[in-house]
Amino acid sequence: MIISPEKLSVFLKTPRSYVEIVRFFNISKHLHHDVTQQIVKLIKDFAIFKLQDGRYHWPRLIETKIGLFRCRNANYGFVEDKDKTPQSTSVFVAARFSANSLDGDEVRVNVYEDSIREGQKYGVITKILQRNTKTLIGKVVSKNNSFIFEPFNFQQPVHFVWQSSENLKVDKFVQVQIIDFFRNTLKISFLKEIGDANEEFVYVKIPIFESNVPTKFSELACQEAKNIPQNIGEIESDRVDLRNEIVFTIDGDDTKDFDDAISVFHQGDNYVLKVHIADVSHYVKENSAIDIDAQERGTSIYLPHTVIPMLPEELSNGICSLNPNVDRYTLTMEALIDSKGNNLDIKIYPSVINSKFRLTYKQVNKYFEDKIVTWDNSSSDSEKQKNAVAKMLDVALELHTILHKFKLQQGYVDLEVPEQKIILNEQGYTDSIQIKHRGIGETLIESFMVRANENVAQVLFEKKVPLLYRIHHKPDQAGIDVFNSIAQQIGAKHQIKDNVDSIEFAKAVEKIKTIDDSNFIKYSILRCLQKAIYSTYNDGHFGLASKFYTHFTSPIRRYPDLLVHRIIRYVLFEKHADFERFEEIMNNQASQTTNFERRAVALERKVVSIKKAEYMQHQIGQSFEAQITSAVNYGIFVEIDQKFDALIFARQLPDAEENPYTLAPEGFELSNGHYKFKVGAKIPVILSEVDIWNGKITAIVDLKKLNKIS
2 MIISPEKLSV
12 FLKTPRSYVE
22 IVRFFNISKH
32 LHHDVTQQIV
42 KLIKDFAIFK
52 LQDGRYHWPR
62 LIETKIGLFR
72 CRNANYGFVE
82 DKDKTPQSTS
92 VFVAARFSAN
102 SLDGDEVRVN
112 VYEDSIREGQ
122 KYGVITKILQ
132 RNTKTLIGKV
142 VSKNNSFIFE
152 PFNFQQPVHF
162 VWQSSENLKV
172 DKFVQVQIID
182 FFRNTLKISF
192 LKEIGDANEE
202 FVYVKIPIFE
212 SNVPTKFSEL
222 ACQEAKNIPQ
232 NIGEIESDRV
242 DLRNEIVFTI
252 DGDDTKDFDD
262 AISVFHQGDN
272 YVLKVHIADV
282 SHYVKENSAI
292 DIDAQERGTS
302 IYLPHTVIPM
312 LPEELSNGIC
322 SLNPNVDRYT
332 LTMEALIDSK
342 GNNLDIKIYP
352 SVINSKFRLT
362 YKQVNKYFED
372 KIVTWDNSSS
382 DSEKQKNAVA
392 KMLDVALELH
402 TILHKFKLQQ
412 GYVDLEVPEQ
422 KIILNEQGYT
432 DSIQIKHRGI
442 GETLIESFMV
452 RANENVAQVL
462 FEKKVPLLYR
472 IHHKPDQAGI
482 DVFNSIAQQI
492 GAKHQIKDNV
502 DSIEFAKAVE
512 KIKTIDDSNF
522 IKYSILRCLQ
532 KAIYSTYNDG
542 HFGLASKFYT
552 HFTSPIRRYP
562 DLLVHRIIRY
572 VLFEKHADFE
582 RFEEIMNNQA
592 SQTTNFERRA
602 VALERKVVSI
612 KKAEYMQHQI
622 GQSFEAQITS
632 AVNYGIFVEI
642 DQKFDALIFA
652 RQLPDAEENP
662 YTLAPEGFEL
672 SNGHYKFKVG
682 AKIPVILSEV
692 DIWNGKITAI
702 VDLKKLNKIS
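Numbering (the working numbering), first residue to last: 2 to 711.
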């Protein structure tokens, strides 16, 4: 090389022109070409950058990382970690450094120190490792007698070229496939038509379509469902007949599919808990058309305006649903439990039940509050059965109290947070958002279902049966660091250490809650925890403090539960011993069911955010008190009225133009020396923009009501 790279890197810490370079290093004129080639190579190697004014700069390389590119607009984007942790940071990437990356692409990015803005960093994408964006959704419009594609939720400034204009219609939302990407031009081809651009609520249809969740059952599955009888006929001889026992369901007011029923009673000083779960595996046979469709869904998806069921209605609301006063096949987990909450005996067997009542959480909570019976039954001995259910509820409450205390002693992390429910008007628009607080009825059923899941997992584990466990790992180092930062922020002295166990963690949570028991703190702690997954390896459930855990109690709406039922049938009832085949099935399903669950959660959140934005579009310009929930390098996220999430961009914070904001190392504060915005603080905001299509709400700080906080 003509110039030593080490010397050149030092010289170009400050941007220099080409003339300054050759003069400083005293390069002869006949070597200028070689110097130019050296600089060109260093530019290709992402060591030197040519600035817009023609000067050259050698920035300090901090690190190289791999992540997903997220385009924010035509000017910039960010590279985010593939597997986000509470301490994950995103890397700013200007459009000129994006290397033709599309939103969602996996990329390698060099992270450099910004020599102009002290303490800031920026990224340069050096390689696209994987194209993850293969299709786009958008609207077809007509311009100059040509079909123009206007992409939805796609910010990059590219030109679209159709491979063919066949099947294209104006004012239709369509899905297109990306054929090629060259020189800021995307070549696309028509795939599917989604709907009319002027159709009401088309903005809700699009995320469903984008998620690739199947919304229609195959013709074969529909035919199979129609052929399934809606009554059970002659009872199978191997089933335990429980139809004369008091059995009932407890669910929400608007629940239509009933997976589970219970019965509880004393046996001496002990308790007998029977959890009866719909025997879906009796009707959905392995590799049937219904089974294949259920696999492709993985779970039912509950949206504000509709349900995308895992099973056809003939099963989910019909023969599999434990409706009152009809005979239904079930799998029963029966446990004998002592007064301390210990299992004395566990049985799992096929059964047939006849649920006497369909109770709601409201009715049960009302009964526990003032002992008023509000449920009814059309049978002739209704009054007698009503009283029997009331007495059984009293026993159930006793057992629930015992089980709850038992779980707390094991290290169950008690982070009860309210749920939100979107209420729609008759036209389908968001009318209100209700905050739902769980009562004793909800926690009682949860307590019994958790014990049932634990017991089934334990029985199958002890028999060394391949199983799909529901596991939840303890917090990783990033989660521990964030938890300790939260504790420090609110003045709690208790810190957790590496490899913390459930009991230690639960104690730390309780100490924090004695200082601050707000929902914000609870949500912050929940973010420290890892996500539960499905696995063939039993590693326990940290959050529930369970040594063994699986999903057994919801086979109508979760495919893993159906798989567990199948294993129970094959191994415990039919005595099959082909464990290698079962293990292969479980291995294949573990990651798939986890991914499908996450897909469902993402879709539910997306549609909820859209319906919330739909509601808030009429509130633009209004002032609210909001709480800062998180801080990132490009802004702060706030929660309005404990219901609505909004983003305030850093560039729109007070005094941002003259004094840019920087994110504190621990990620809990955005400040510029004059103002600081700390996670957990409450600030006045004005709603500035609502993007219904993307479910995004933007706000600005209400300067008239804001006090300087530094």
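C-beta: ideal position from N, C-alpha, C; glycine also.
| Check | Outcome |
| --- | --- |
| Opposite PHE407 in the DSSP bridges: which residues? | Its beta-bridge partners do not exist; DSSP assigns none. |
| Measuring only the C-alpha atoms, how far is PRO685 from ASP642? | 11 Å |
| Name the residue from LEU688, LEU654, GLU670 whose alpha carbon lies nearest to the alpha carbon of PHE645. | LEU688 |
| Leaving aside the five residues before and after ASP502 along the sequence, list all residues of the same chain whose C-beta is less than 8 Å from its C-beta, in chain order. | GLY412, LYS475 |
| Around the C-beta of TYR303, are 16 or more other C-beta atoms found within 10 angstroms, so that it is buried, or is it exposed? | exposed |
| Can you tell me whether DSSP reads VAL510 as helix, strand or coil? | helix |
| Who are the Cβ neighbours of ASN111 in its own chain at under 7 Å, not counting the five residues just before and after it? | PHE47, LEU62, THR65, GLY124, VAL125, THR127 |
| With a floor of 3 residues, list each beta strand (DSSP E) that falls wholly inside the region 166–224, ordered by position along the chain. | 173–183, 186–197 |
| Since PHE678 is in the beta strand (DSSP E), which residue starts that stretch and which ends it? | 677–679 |
| With DSSP run on the structure shown, which of helix, strand or coil describes GLU246? | coil |
| Does the pairing of the region 541–557 with the region 463–481 give three or more beta-carbon distances under 8 Å? | yes |
| Looking at the ligand SAH, does it come within less than 7 Å of ASN660, judged from the CB to the closest heavy atom? | Inclusion of the ligand SAH in the displayed structure is not the case, the ligand content being empty and no account of it being possible. |
| For the beta strand (DSSP E) that contains CYS529, what are its first and last residues? | CYS529 -> not in any beta strand (DSSP E); alpha helix (DSSP H) instead, spanning 520–529. |
| Spatial neighbours of THR15 within its chain, please: CB distance less than 6 Å, with the 5 preceding and 5 following residues excluded, ordered by chain position. | none |
| Report yes or no: do the region 319–334 and the region 618–629 share at least 3 C-beta pairs separated by less than 8 Å? | no |
| Let's see if you can read the secondary structure: which residues bound the beta strand (DSSP E) around ARG56? | Unbroken run through ARG56: none, as it is neither H nor E. |
| Any idea which residues DSSP pairs CYS72 with across the strands? | GLY78 |
| Going by Cα to Cα distance, which pick from LYS613, LEU671, ALA632 is closest to PRO305? | LYS613 |
| Within the region 568–619, note down every full alpha helix (DSSP H) run reaching 4 residues or more, in order along the chain. | 580–617 |
| Tell me the rounded alpha-carbon separation between ASP482 and VAL175. | 45 Å |
| Could you tell me the alpha carbon to alpha carbon distance between VAL205 and ILE522, rounded to whole angstroms? | 31 Å |
| With the cut-off set at 8 Å, would you say LYS387 and PHE249 are in Cβ contact? | no |
| Can you give me the start and stop residues for the alpha helix (DSSP H) that ILE129 sits inside? | No alpha helix (DSSP H) contains ILE129, which is instead part of the beta strand (DSSP E) from 122–131. |
| Is there contact between the region 441–457 and the region 657–665, where contact requires at least three CB pairs shorter than 8 Å? | no |
| What are the boundary residues of the beta strand (DSSP E) that includes GLY636? | 636–641 |
| Rounded to a whole number of angstroms, what is the C-alpha to C-alpha distance between THR444 and ARG97? | 54 Å |
| Does the distance from the CB of ALA453 to the CB of THR554 come in under 8 Å? | yes |
| Of the choices VAL691, PHE638, ARG652, whose alpha-carbon is the least far from that of GLY668? | PHE638 |
| Assign GLY712 to one of two classes, buried (16 or more other C-beta atoms within 10 Å of its C-beta) or exposed (fewer than that). | Residue 712 lies beyond the range of the chain shown here (2 to 711); nothing can be said about it. |
| For ASP415, which option in GLU315, ILE424, ALA509 has the closest C-alpha, if you only look at C-alpha atoms? | ALA509 |
| Going by DSSP, which residues form a beta bridge with SER672? | THR663, LYS677 |
| Whole angstroms is fine: what's the gap from ASN74's alpha carbon to GLN157's? | 6 Å |
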